[in-house]
DNA sequence: CGCAGCGCCTGAAGGC
DNA sequence: TGCCTTCAGGCGCTGC
């Protein structure tokens with residue numbers, strides 16, 4: 003599932019290829035999740051930005067083309083349109099190349115809105131500071147976490163205290179910080195530790211080109227390498243790398259969380 | 001407004 | 001071998 007490191011990897015690859023390009027044509031799957039991709043036809047891409055897990059192409063007509071990759075989404079630039087039943091949207095550029103959006107499970111979404119008008123994208127509108135931006139501070143993070151009594155893992159995945167964290171990197175950060183995923187309140191020192199762990203987990207993932215468990219591919223179609231560096235996610239039953247006790251997994255709020263009962267006490 | 005619960009999707013994996 | 005069930009989960013929506 004694409005989280006901040008995967009989306010940022012794609013952004014860095016797409017940016018030099020898309021900047022300055024005019025969108026000549028577009029076609030999409032019939033779902034209203036994807037049809038807004040067609041609204042960008044005629045506009046020129048000024049820059050490719052990212053906020054949390056949202057990729058945002060800034061257009062020269064004062065609008066933004068917003069893409070969320072969901073669970074299985076990927077973007078690639080290709081000289082010819084791939085014959086692939088899972089391409090849900092594509093844009094033809096003025097250099098005759100194509101930007102193709104592939105999404106097997108159709109959990110992703112595409113929007114085209116006036117700049118900054120995110121009422122149609124509530125999660126983007128309401129999300130906290132991007133995890134790799136200077137706005138993500140230990141103080142603000144602790145304050146944001148104190149506003150809710152939900153489980154810490156649920157809060158991390160809500161995108162509100164910080165934007166860009168999904169289950170993989172959230173699991174890694176909680177393990178690294180020694181915090182139980184079901185904890186409902188954490189101390190200031192624990193919040194500071196978790197803040198550092200979130201940044202570290204995401205930067206490590208980015209340095210490794212993202213995590214490919216099954217579907218993730220970057221804009222060149224390559225797999226990430228961070229799946230080999232995961233300490234906790236997907237390792238239930240295997241020994242904790244700190245204390246050798248077998249890692250456990252439990253379902254909290256409809257998602258599977260892996261943790262070490264020894265290193266991450268309640 | 002916060003939050004719990006459900007639905008969206010499909011391929012893979014496991015049971016029989 | 002083949003059919004059926006379960007699972008993965010980010011996010012939008014509904015209703016309390």
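In the working numbering, the protein residues as written are 3 to 268.
We put the beta carbon where it would ideally sit given N, CA and C, even for glycine.
These numbers were taken from a predicted model, which means no experiment stands behind them.
Close beta carbons around residue i, own chain, < 7 Å, minus the five adjacent residues each side
i, result
"residue 130", "146, 161, 162, 163, 164, 165"
"residue 231", "206, 210"
"residue 174", "203, 232, 233, 234, 235"
"residue 229", "213, 214, 215"
"residue 138", "131, 132, 164"
Residues near residue i by beta carbon distance below 8 Å, same chain, minus five either side
i, result
"residue 53", "126, 129, 132, 165"
"residue 106", "74, 88, 217"
"residue 17", "49, 50"
"residue 254", "153, 155, 156, 183, 184"
Rounded Cβ spacing between residue i and residue j (contact assumed at less than 8 Å)
i, j, result
"residue 220", "residue 11", "5 Å"
"residue 153", "residue 185", "7 Å"
"residue 49", "residue 21", "6 Å"
"residue 27", "residue 67", "With 8 Å as the limit, residue 27 and residue 67 do not qualify as a contact, their Cβ atoms being about 14 Å apart."
"residue 159", "residue 257", "7 Å"
"residue 265", "residue 180", "5 Å"
Own chain residues within Cβ distance below 6 Å of residue i, not counting five before or after
i, result
"residue 211", "11, 226, 227"
"residue 69", "57, 112"
"residue 86", "none"
"residue 71", "4, 110"
"residue 76", "104, 219"
"residue 93", "25, 28, 101"
Three-state class that DSSP yields for residue i in the structure shown
i, result
"residue 260", "strand"
"residue 50", "strand"
"residue 155", "helix"
"residue 106", "coil"
"residue 74", "coil"
"residue 15", "helix"
"residue 7", "helix"
"residue 202", "helix"
"residue 125", "helix"
"residue 56", "strand"
"residue 148", "helix"
"residue 95", "strand"
"residue 40", "helix"
"residue 141", "helix"
"residue 213", "coil"
"residue 68", "strand"
"residue 171", "helix"
"residue 190", "helix"
"residue 1", "Outside the displayed range of the chain (3 to 268) lies residue 1, so it cannot be described from this structure."
Contact under 8 Å by Cβ, residue i with residue j
i, j, result
"residue 13", "residue 96", "no"
"residue 247", "residue 263", "yes"
Segment contact, 8 Å Cβ cut-off, at least three pairs: the region 56-68 with the region 200-210: no
Segment contact, 8 Å Cβ cut-off, at least three pairs: the region 96-103 with the region 72-84: yes
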